[in-house]
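Just below is one structure, and these are the notes that go with it.
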């Protein structure tokens, strides 16, 4: 072996050792920072099997992550990939992350009067940013892809929020600026109506028909009260219940609406008009 070959081989080994040492150091520092961040939040615990930091793009990847939230809710994900995270504030001002294989169990995300019959597994993506100067929070994307069950994506913005002092009294002025929810149904609505049918002692088609008729009656009532916004929104929801395909719900108030207003004696119809809610349902091509 020539001297040049020996030098190149030795240099390659040196670089590999340095890279390995750097990865070990970076991973150790990130692990330490992550543990400190978790310990700062009362009631929050986080466990994971592995942690890896990408030196090029600074992504942090946790494998087999298990968390217990302050509310007591338990979350588990096969992999959590964090591509952007604000480490300067106790409550991060920005986060971009994806949880792959996130499991939502019965009781974790139930609807009023209804509960999930079985766990739902999918991928969750979150991307938000907070501007302390304008005290506004922008949810760029909060999306959940549950595969055959369906997909849901939420975006929007809020104002009058002090993210650095999250206390109940600080949330009284929280205002909704705009909101958009898109739902692409798979098998979820069928399972939901099947669950409701079992509770009501009727067939799945009967439960669907009852829900559609109730929404249609509510739309007719709103129209009779000269509330065209609520009437059209409820008709759109009725169409989605009748043939669940894709549902798009938007809220675009003339000016930001304090969330507290929604609980100050206003009924559903007035809230729909106040928020200028629109509901658009696109029919599915599959039979239901």
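Numbering (this note's numbering), first residue to last: 7 to 294. Ideal Cβ placement from N, Cα and C applies to all residues, glycine included.
Buried/exposed call for residue 181, threshold 16 Cβ in 10 Å: By the 10 Å Cβ count, residue 181 comes out buried.
Run of the alpha helix (DSSP H) containing residue 210, from where it starts to where it stops: 210-230 is the span of the alpha helix (DSSP H), which, as asked, contains residue 210.
Residue 274 versus residue 266 - alpha carbon distance: Cα-Cα distance, rounded: 14 Å.
Cβ contact check for the stretch 154-164 and the stretch 184-194: 3 or more pairs under 8 Å: Contact check between the stretch 154-164 and the stretch 184-194: three or more CB pairs, one atom from each, fall below 8 Å, which counts as touching.
Residue 201 in three-state terms, based on DSSP: Here residue 201 sits in helix by DSSP.
Bounding residues of the beta strand (DSSP E) (the contiguous stretch that carries residue 104): Residues 100-110.
contact_flag[the stretch 100-108, the stretch 70-87] where n(CB pairs < 8 Å) is 3 or more: The stretch 100-108 vs the stretch 70-87: in contact.
Residue 72 - partner residues in DSSP beta bridges: 53, 82.
Contacts around residue 150, its chain only, beta-carbon distance under 6 Å, and the 5 residues preceding and following it disregarded: Beyond the five residues adjoining it in sequence on each side, residue 150 comes within less than 6 Å, by CB distance, of 128, 130, 158 in the same chain, given in chain order.
Secondary structure of residue 192, DSSP reduced to three states: Here residue 192 carries a coil assignment [DSSP, helix/strand/coil].
Of the listed residues 65, 228, 37, 137, nearest to residue 52 (C-alpha basis): That would be 37, whose Cα lies nearest to the Cα of residue 52.
Residue 177, enclosing beta strand (DSSP E) - first and last residue: Taken as a continuous stretch (DSSP letters only), residue 177 belongs to no beta strand (DSSP E), as it is neither H nor E.
Endpoints, alpha helix (DSSP H) assigned at residue 242: Residues 234-248.
Per DSSP, the bridge partner or partners of residue 131: Within the DSSP bridge table, the entry for residue 131 names 104, 149 as partners.
Collapsed DSSP secondary structure at residue 92 in the structure displayed: Looking at residue 92 - three-state DSSP - the assignment turns out to be coil, as it is neither helix nor strand.
Sequence-distant residues of its chain with Cβ nearer than 7 Å to residue 206 (five each side left out): Exclusion of the five residues before and after residue 206 leaves 213 as the residues of its chain whose Cβ lies within less than 7 Å of its Cβ.
Boundaries of the beta strand (DSSP E) in which residue 157 is found, first to last residue: For residue 157, the enclosing beta strand (DSSP E) stretches over residues 156-165.
Cβ-Cβ separation, residue 165 to residue 142 (assumed contact under 8 Å), whole Å: About 5 Å separates the Cβ atoms of residue 142 and residue 165, confirming a contact at the 8 Å cut-off.
Residue 170 in three-state terms, based on DSSP: The answer is coil: DSSP assigns residue 170 none of H, G, I, E or B.
Nearest-angstrom beta carbon gap, residue 252 and residue 196 [assumed within contact, 8 Å]: About 15 Å separates the two Cβ atoms, so there is no contact after all.
Assigned secondary structure, residue 59 (DSSP; H/G/I helix, E/B strand, else coil): DSSP places residue 59 in strand when its eight states are reduced to three.
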